[in-house]
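Accompanying notes for the structure given below.
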Amino acid sequence: MIAQGFVENGAKVYLNGRDAPACTSAAAELTSLARNGGSAHALPGDLQDLAQVQDLVKRLTDLEPAGLHVLVNNAGAAWGADVDSYPDHAWNKVLTLNLHRVFTLTQLCLPLLEKVASQDDPARVIHIGSIDGIRVPTVSNIAYAASKAGLHHMSSVLAKELGPRYITSNVLACGPFATKMMRATLDSVGEYIRSELPLRRIGTPEDVAGASLFLASRAG
154 MIAQGFVENG AKVYLNGRDA PACTSAAAEL TSLARNGGSA HALPGDLQDL AQVQDLVKRL
214 TDLEPAGLHV LVNNAGAAWG ADVDSYPDHA WNKVLTLNLH RVFTLTQLCL PLLEKVASQD
274 DPARVIHIGS IDGIRVPTVS NIAYAASKAG LHHMSSVLAK ELGPRYITSN VLACGPFATK
334 MMRATLDSVG EYIRSELPLR RIGTPEDVAG ASLFLASRAG
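Sequential numbering from 154 applies to the sequence shown in the numbering used here.
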């Protein structure tokens, strides 16, 4: 959704995913939709693994030594279980991917972001948060909600820390979208979720792509 919006508006985009064939296929599909010189390229790797995150940034640095204009932290995980049965390993998995590795990736990308950053046109870091980090979730999702609340606050702290270095940090607190992660939830309680939303519909690709492009622009 977000990557397509950037590619269609002429950006060169690098995609990450732990499934290398799927990541490569997605990059090829997005490039076929590109306009104005946009393109998409696969950089697969598992963000749960620190060594793979470090390798990802090294590969990106080799490919783009001049710098990185926008970093979108959109990787995420959820685990459906109630408070009585929530497993310890699931908590660690969700918090690592949704919060810890967002910091890790941002930290490691700072040298690339600083290369292009200026007071008049800062580099941008965009974090994909969730309304479940602001409110009590409709469906019990304890670690996910906690991780997104932490992400929202971390973004504010990063904004203060990185602003003097001409790097912005913003969050999109998204509602429900038709993603792979949301599929089971929408199948089970989708009608109820829609009934609670002002427009009685879930988010569309254009919603999140447009907001991301705004934050990546001079206006954001």
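Every residue, glycine too, gets a C-beta built ideally from N, C-alpha and C.
Note that the structure is a prediction, hence the values are computed from the model and not measured.
Residue state for G282 is assigned as strand, using DSSP reduced to three classes. In the DSSP annotation of this structure, the continuous segment of the beta strand (DSSP E) that includes L325 starts and ends at I320 to C327. A276 sits in a strand when the DSSP states are folded into three classes. In the three-state reduction of the DSSP assignment, Y297 falls in the helix class.
Scanning its chain for C-beta atoms nearer than 7 Å, with the 5 sequence neighbours on each side dropped, one finds around G163 the residues R188, N189, G190 and G191, in chain order.
DSSP places S178 in no beta strand (DSSP E) but in the uninterrupted alpha helix (DSSP H) bounded by A173 to S185. Counting only unbroken stretches of 3 or more residues, the beta strand (DSSP E) elements lying wholly within the stretch 193-250 are 223-226, in sequence order. For N226, the closest C-alpha among the options F159, I279 and N245 is that of I279. Only residues of its own chain outside the window of five on either side were considered, and among them V247, N294, Y297 and M334 have a CB closer than 7 Å to the CB of A231, listed in chain order. In the three-state reduction of the DSSP assignment, V166 falls in the strand class, which pools E and B. For R254, the enclosing alpha helix (DSSP H) covers residues R254 to V269. Per DSSP, P317 lies in no alpha helix (DSSP H) and is assigned neither H nor E. Q157 is positioned such that its CB atom lies closer than 9 Å to that of L183.
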